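Number of protein chains: 2
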Amino acid sequence: MGIACASLDAAIERYEGVFGLTVASRETNSEQGVREAMMVVSGEPAASYVQLLEPLGPDTPVGKFLARRGEGIHHVGYAVRDVTAALEAIGGRGVRLVDSRPRHGSMGASIAFLHPGDLGGVLTELVQH
Amino acid sequence: MGIACASLDAAIERYEGVFGLTVASRETNSEQGVREAMMVVSGEPAASYVQLLEPLGPDTPVGKFLARRGEGIHHVGYAVRDVTAALEAIGGRGVRLVDSRPRHGSMGASIAFLHPGDLGGVLTELVQH
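Protein sequences, first through last, are from chains B and X.
Residue 1 is where the first sequence starts when you use this note's numbering, and the numbers rise one by one after that.
Residue 130 is where the second sequence starts when you use this note's numbering, and the numbers rise one by one after that.
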């Protein structure tokens, strides 16, 4: 789950302090226009992450989201074995793709976004670790 | 993850058809003002769910969310072993509680919501299965 936040440091402190999550990685992704941290949600054999996203500027996707709606849940990502195959299959089911080919995501993953307009308003990401 | 939708049937069809998720349960929760379905996200030993929420009316929390923001991600829920203990611990860390004691959730769970105003705009639910 990706969460848009105004201050990455404040958001990390909140998730550490309130929920006891720990930082798995911190990165800057210029292509996506974010500084970000992946927080591990413990207690599951297959790890889930809370991804905290601070925009690099107001003209980035997350910057525009913050200006429009304020801080909050930005998107959800599902792990898939093969992101290229998943994109092809899902595109074939009539869902518009934001990314027609995979891009670089957190922690070395290959990622691609699907269009929220075809998914009940939910910006959805496919993530191949 | 809880998703607000205008039509539960259409949303179920979408998650079945696009992502191949399956329905684990369908319920009406009058206390929460929703008709809902829990869709199992496969591939994990500890199951995660997409919870689809259709409001019973415009004056319910999900009804108001839909009117204000349209369809989309409504909240996130984390599994905890003991929801009463978790509420007490998190309340003690200065987070306002929407529910000071657990209520009835999906599939027999005990649930409680935390206030998004203290959590970076994220409506957060604790779920004891």
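Every residue gets a Cβ at the ideal spot worked out from N, C-alpha and C, and that includes glycine.
Since this is a predicted model, take the numbers as computed values, not measurements.
| Item | Value |
| --- | --- |
| Chain-order list of residues whose beta-carbon lies under 8 Å from that of E31 of chain B (same chain, five-residue window excluded) | R103, H104 |
| Three-way DSSP call (helix, strand, coil) for S100 of chain B in this model | coil |
| Of the listed residues X:R230, X:V169, X:L226, X:G146, nearest to R155 of chain X (C-alpha basis) | X:V169 |
| Supposed contact pair I132 of chain X and G120 of chain B - C-beta distance, whole angstroms, cut 8 Å | 6 Å |
| Within-7 Å CB hit, I12 of chain B to chain X | no |
| Residues within the region 229-248 of chain X neighbouring chain B, beta-carbon criterion of under 9 Å | L243, P245, D247, L248 |
| T77 of chain B at chain X interface by Cβ criterion, 7 Å | Per the sequence shown, the amino acid found at residue 77 of chain B is Gly instead of Thr. Closer than 7 Å: no. |
| DSSP bridge partner residues for R26 of chain B (one or two, in chain order) | B:A37 |
| Whether H204 of chain X touches L255 of chain X by CB criterion (7 Å) | no |
| Nearest-angstrom Cα separation, counted from E36 of chain B out to E54 of chain B | 6 Å |
| Helix, strand or coil at T60 of chain B [DSSP, three-state] | coil |
| Separation of I219 of chain X from V18 of chain B, as counted between CA atoms | 6 Å |
| Chain B contact for G250 of chain X (CB, 7 Å cutoff) | yes |
| Closest by C-alpha distance to A112 of chain B, when choosing among B:R93, B:Y78, B:G94, B:D118 | B:Y78 |
| Any chain B beta carbon closer than 7 Å to G201 of chain X | yes |
| Delimiting residues of the beta strand (DSSP E) encompassing A79 of chain B | 72-79 |
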